[in-house]
Amino acid sequence: MPHLLRQNLLLPAPPTVVMHDPRTHLRHLPPAYSPAQTPLSRDRERDFAPQVRYHLELPRRPKLRPCKVIFVGDCSVGKTAIVNRFCFDKFQSNYKATIGVDFELENFSILGHNYGLEMWDTAGQERFKCIAGAYYRNASVIVVTFDMTKRETLESAKKWLNSALNYNTGQKPLIFLAGTKADLLTKEEFVRMERVAGLAASEMQAEYWSVSARSGFKVTELFQRIAGLAFEEAIKQEIKYHKGTAQEKGKTDTSAKSQTFDLRNFISSRFARQKSGCAC
Ligand SMILES: Nc1nc2c(ncn2[C@@H]2O[C@H](COP(=O)(O)OP(=O)(O)O)[C@@H](O)[C@H]2O)c(=O)[nH]1
Ligand SMILES: [Mg+2]
Numbered sequence: 007m008p009h010l011l012r013q014n015l016l017l018p019a020p021p022t023v024v025m026h027d028p029r030t031h032l033r034h035l036p037p038a039y040s041p042a043q044t045p046l047s048r049d050r051e052r053d054f055a056p057q058v059r060y061h062l063e064l065p066r067r068p069k070l071r072p073c074k075v076i077f078v079g080d081c082s083v084g085k086t087a088i089v090n091r092f093c094f095d096k097f098q099s100n101y102k103a104t105i106g107v108d109f110e111l112e113n114f115s116i117l118g119h120n121y122g123l124e125m126w127d128t129a130g131q132e133r134f135k136c137i138a139g140a141y142y143r144n145a146s147v148i149v150v151t152f153d154m155t156k157r158e159t160l161e162s163a164k165k166w167l168n169s170a171l172n173y174n175t176g177q178k179p180l181i182f183l184a185g186t187k188a189d190l191l192t193k194e195e196f197v198r199m200e201r202v203a204g205l206a207a208s209e210m211q212a213e214y215w216s217v218s219a220r221s222g223f224k225v226t227e228l229f230q231r232i233a234g235l236a237f238e239e240a241i242k243q244e245i246k247y248h249k250g251t252a253q254e255k256g257k258t259d260t261s262a263k264s265q266t267f268d269l270r271n272f273i274s275s276r277f278a279r280q281k282s283g284c285a286c
């Protein structure tokens, strides 16, 4: 027995294996659903901007607030279903209306930095609109959702976007248009609907995605894209902020310098006047 114990003690400690969830670990900017259906020119760059990568190499860690993502759209289009598919990998076919606002947090690791997505799943019903309004504020991302099998839900998508934008007049949020329930369409219907929705998306200056919470089609990809783009935007804002404060500091330094200069001029002119005997 003691022999066994000694043997156990001599055993090297088991290696600690850190399991990364590949869905939430990003090393590159995830691509758009279709390069033709995104208003974001950075899609052509196909990766995080070089200045973003450079900024992240600096010893100073960026201070990132969680990103607020709001889902808007008619009742029963599948807002809760796509959030649940991504966060819990589950799908419920029986409908349970969201009352007021639901909230989920998902943590990402992007280029080695933690970044949280706060998902605000608002109730689509008109009667909850007054409560939901308060939750629209300070959204970094708006996901306008419609049901691909119900054309009228695409028609009201613009109305939902405008309501959300009314509460976000400062920094313009990233806008996505997501067509849900793609599994219920035939191939022809799917192609036709994508064409119509693509046009609506470009009018809304939104990036277009077709998804299905039931089959999981493109759900992970959509959330990864949201996280990647929002993260990049947050870092760009931080770079802008640091540049702004550096310039502000530069300005104060120059004005301090010019004050010293003025003072020096003043003293020397005073001294010259005193020398010349003028007392005024
Ligand atoms: N076939 C299919 N049904 C879906 C899909 N997404 C949602 N549903 C169903 O549509 C109904 C409404 O979904 P829900 O997410 O609660 O809608 P919400 O009111 O917009 O949050 C539910 O019965 C869901 O099971 C999907 O991708 N495919
Ligand atoms: Mg819901």
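With the working numbering as the guide, the letters of the sequence shown map in order to residues 7 to 286.
Every residue gets a Cβ at the ideal spot worked out from N, C-alpha and C, and that includes glycine.
heavy atom of ligand 2 below 7 angstroms from residue i C-beta
| i | result |
| --- | --- |
| Asp153 | no |
| Val85 | The question names Val, but residue 85 in the sequence shown is Lys. Because some heavy atom of ligand 2 lies under 7 angstroms away, the Cβ of Lys85 counts as near it: yes. |
| Ala129 | yes |
Cutoff 6 angstroms; reference residue i; Cβ partners in own chain excluding five residues on either side
| i | result |
| --- | --- |
| His26 | none |
| Arg201 | none |
| Gly204 | Gln43 and Tyr214 |
| Cys73 | Leu123, Ser146 and Ala236 |
| Tyr173 | Tyr142 and Arg143 |
| Ile148 | Ile76, Ala170, Pro179 and Ile181 |
Cβ shell of residue i (< 8 angstroms), same chain only, five flanking positions each side left out
| i | result |
| --- | --- |
| Met210 | Val150, Ala163, Lys164, Leu167, Ile181 and Leu183 |
| Lys102 | Thr86 |
Other residues of its chain near residue i: CB distance less than 7 angstroms, five sequence neighbours each side excluded
| i | result |
| --- | --- |
| Gly222 | Arg91 |
| Pro36 | Glu227, Gln230, Arg231 and Gly234 |
| Glu238 | Leu35, Phe54, Ala55 and Val58 |
| Asp153 | Val83, Gly84, Thr159, Thr186 and Lys187 |
Opening and closing residue of the beta strand (DSSP E) in which residue i lies
| i | result |
| --- | --- |
| Val149 | Val147 to Asp153 |
| Tyr214 | Glu213 to Ser216 |
| Gly185 | Leu180 to Thr186 |
| Val78 | Cys73 to Val78 |
First through last residue of the alpha helix (DSSP H) which encompasses residue i
| i | result |
| --- | --- |
| Val107 | Premise fails: Val107 lies in the beta strand (DSSP E), Val107 to Ile116, not in any alpha helix (DSSP H). |
| Asn120 | Where Asn120 is concerned, there is no enclosing alpha helix (DSSP H), although the beta strand (DSSP E) it sits in stretches over His119 to Thr128. |
| Phe97 | No alpha helix (DSSP H) contains Phe97, which DSSP labels as neither H nor E. |
| Gln57 | Pro56 to Glu63 |
| Thr159 | Arg157 to Glu161 |
Heavy atom of ligand 1 within 7 angstroms of residue i beta-carbon
| i | result |
| --- | --- |
| Ser218 | yes |
| Thr104 | yes |
| Asp189 | yes |
| Thr186 | yes |
| Cys93 | no |
| Tyr142 | no |
| Ser169 | no |
| Cys73 | no |
| Tyr39 | no |
heavy atom of ligand 4 below 7 angstroms from residue i C-beta
| i | result |
| --- | --- |
| Ser82 | Absence of ligand 4 is noted for the structure shown, with ligand 1 and ligand 2 being the only ligands found. |
Does the count of Cβ pairs from the stretch 83-97 and the stretch 58-67 closer than 8 angstroms reach three? By the Cβ test, the stretch 83-97 is not in contact with the stretch 58-67, since fewer than three Cβ pairs between them sit closer than 8 angstroms.
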